[in-house]
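Numbering (our numbering), first residue to last: 2 to 670. Data first, discussion second: the structure below is written as structure tokens.
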Ligand code: ADP
Ligand code: ZN
Ligand code: ZN
């Protein structure tokens, strides 16, 4: 066997994890050494013995081996929590492509002193409410029972809990957490930041009291560190937080719950661009923990895994007794136009709002402004201008050109509809503010509240808008997707979706899935109380399968159609995809570099290998902050093929050029 060398960090405080030192691995340790292990090494001029962590093992020395010192020994072969997280970092690095340093920075807690001023915002924000005592119903009981017997027999599975909105998923999480606590273990609960509301967190507080740590993005690094240490020192049993809470250094992890597992917020937007769901499953594997993924609209990825038997599928198809699902109806906005109604509020929605105002019931109006790009569509026939070669809509650039970001196809902005020749064609874009103005014009007597990025910029404003609405201080709440998650308003009996199409034509392959999710979640907001709710979906594309399936509340139907489409067009989860983003302050140099990468990759991307290369082309957003962006897309059936391509990309270096990769991206480039 050839000589091995270990990269070691001496200090795992955040500032020092980029300082690695290489040591020789003595022969007698060669077989036992692994990433994450603590080792004893001679350090510094005096060669004092110090403890360090192995973060990499290689056969290629990085400096003169005559001057290299040797590892002295391994004091304890079991991995400590830091070691486990280092191991996880190594996996992240391999899976998503990044430096070990970036991967370590992602998983290691940032040690920082707590600032005095950053007071305990949380205490007041998540104050305790008196708990209504509740017993699990038989369907919930069955799942928790299965969880317990799986664990009792030493099986640490991943479960996909598919339950309609309000079916009692959270109660199932809570009961399963209690099971692992009984075993003396801890649980991490991930909730998308947007869903970390007072209502949600208070429920966990009711059950676990002070033994809960809460992580959120409003906390300072010091506060976060303090919560992490409470978990490490076993002062808490449960940690709740967004994506980054996954890396809580829990000493004895038994369960990871991911609520709303389909949510895009679980994918990191910084290198390494990891997906919390995938990392959670890996962490659970390393630490013998279970995973519960919950959603009313499971991601295509997770549902496919469940179909393949890799996750156990749990279904909760009904709401607990007494709470019915809402009626859903669809309004074809093209008909409105034909009838001479040019308003964004259809006649039916107008009448329903009028009725609710009379009955003193509340209304939520939802408009998804999430799409960054404007697409070009026809108000007369509803068609959207698409790329002739790909099934994606062209995005309108402010230069007057329409462009496909998958293949680079470009054409001048259409002035008339290519389908029906109507001149009523243009960039589509409307927002919450416009809806609010319109509502105030139509219903001057109604009190409205608006919730979007603009109105919630200030700390605490989100919860204050919600509590105002909850207290009945307004009749109508208008908002973006922020309003559709995790809030129960008993008096809301009408949810209006102003334009379901808005998310449908984001120019990426997940548009259908995102639309279905949003509509289903929005629909789930109505009828949370005793009174039955009504959901009205306004759209220019009533025949679209995502809208049809959402209206019928038919997840399986949606999944089947969507999967066929993904298979046909070779998209995830059937295929694996990777984007290579090439950026440079010089456009010409970015173009050149992207062509050079193409030349490197072409020989591997042939009919025989089945690996497909698309591009290079300009990114959808061609320039950000004076940096030009070019993209290449790679599609392959096997993840290993994607990794082999990534290795080639990793070896490409050029001055003035930055390269980033994103495996199975969720967002647009
Ligand atoms: P989900 O997480 O699926 O949206 P929740 O757990 O929030 O569902 O439950 C929805 C509502 O139903 C909540 O108000 C909850 O208190 C209530 N609920 C859940 N389980 C039961 C039960 N077994 N009996 C009565 N009410 C329940
Ligand atoms: Zn195209
Ligand atoms: Zn038309």
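Glycine residues also receive a C-beta, built at the ideal position from the N, C-alpha and C atoms. A quick note: this is a predicted structure, and the numbers were derived from the prediction, not measured.
Going by DSSP, residue 348 is part of the alpha helix (DSSP H) stretching over 348-360.
For residue 73, the secondary structure class from DSSP, reduced to helix, strand or coil, is coil.
Residues 283 of the same chain have their beta carbon placed closer than 6 Å to that of residue 92, with the five preceding and five following residues left out of the count. Within its own chain, the residues whose Cβ lies closer than 7 Å to the Cβ of residue 501, once the five positions on either side in sequence are excluded, are 516, 520, 538, 539, 540 and 548, listed in chain order.
Shown here for residue 300: same chain residues with a beta carbon closer than 7 Å to its own, the five before and five after excluded, namely 262 and 263 in chain order. Look at residue 141 here: in three-state DSSP terms it is helix. For residue 145 against residue 181, the beta-carbon gap comes to about 11 Å, at or over 8 Å, which does not count as contact. Under the rule that a run must span 4 or more residues, the alpha helix (DSSP H) segments found entirely inside the segment 185-257 read 199-209 and 222-233.
A heavy atom of ligand 3 is found nearer than 6 Å to the CB of residue 384. Selection 583, 544, 63 and 73 evaluated against residue 657 yields 583 as nearest (Cα-Cα). When distances are taken from the beta-carbon of residue 420 to the heavy atoms of ligand 3, the shortest one is below 6 Å. Three or more beta-carbon pairs separated by less than 8 Å link the segment 249-259 to the segment 181-195, which places the two stretches in contact. Comparing alpha carbon positions, the residue from 252, 353, 28 and 427 closest to residue 235 is 252. CA-CA distance, residue 41 to residue 22, rounds to 13 Å.
If you check the C-beta of residue 574 against ligand 1, you find no heavy atom less than 6 Å away. Closest in C-alpha terms to residue 599, from the list 611, 588 and 581, comes 581. Residue 137 has its CB nearer than 6 Å to a heavy atom of ligand 1.
Bounds of any alpha helix (DSSP H) do not take in residue 659; it lies within the beta strand (DSSP E) bounded by 659-664.
In the three-state DSSP reduction, residue 442 falls in the helix class (H, G or I). Residue pairing from DSSP places residue 41 in a beta bridge opposite 52 and 74. Residue 24 holds the alpha-carbon nearest to the alpha-carbon of residue 67 among 45, 76 and 24. Between residue 550 and residue 559 a beta carbon distance of about 4 Å is seen, short of the 8 Å cut, so the two are scored as contacting.
In the DSSP assignment, residue 640 falls within the unbroken alpha helix (DSSP H) covering 640-651. Distance between residue 197 and residue 525, taken at the CA atoms: about 18 Å. Per DSSP, the beta bridge partners of residue 315 are 162. Residue pairing for residue 403: DSSP places it in a beta bridge opposite 397 and 412.
Contact between the segment 601-613 and the segment 629-640 is present, with at least three C-beta pairs closer than 8 Å. By the beta-carbon neighbour count (other beta carbons within 10 angstroms, threshold 16), residue 289 is exposed. DSSP places residue 21 in the uninterrupted beta strand (DSSP E) bounded by 21-26. Contact annotation: residue 479 and residue 447 have beta-carbon atoms that are not nearer than 7 Å. Residue 138 and residue 168 have their alpha carbons spaced roughly 10 Å apart. Just so you know, the alpha carbons of residue 335 and residue 542 end up roughly 9 Å apart.
At a Cβ-Cβ threshold of 7 Å, residue 171 and residue 574 do not count as neighbours.
When DSSP states are grouped into helix, strand and coil, residue 624 belongs to the strand group. Looking at the DSSP output, residue 452 bridges to 480. Of the candidates 588, 641, 594 and 659, 588 places its Cα closest to the Cα of residue 627.
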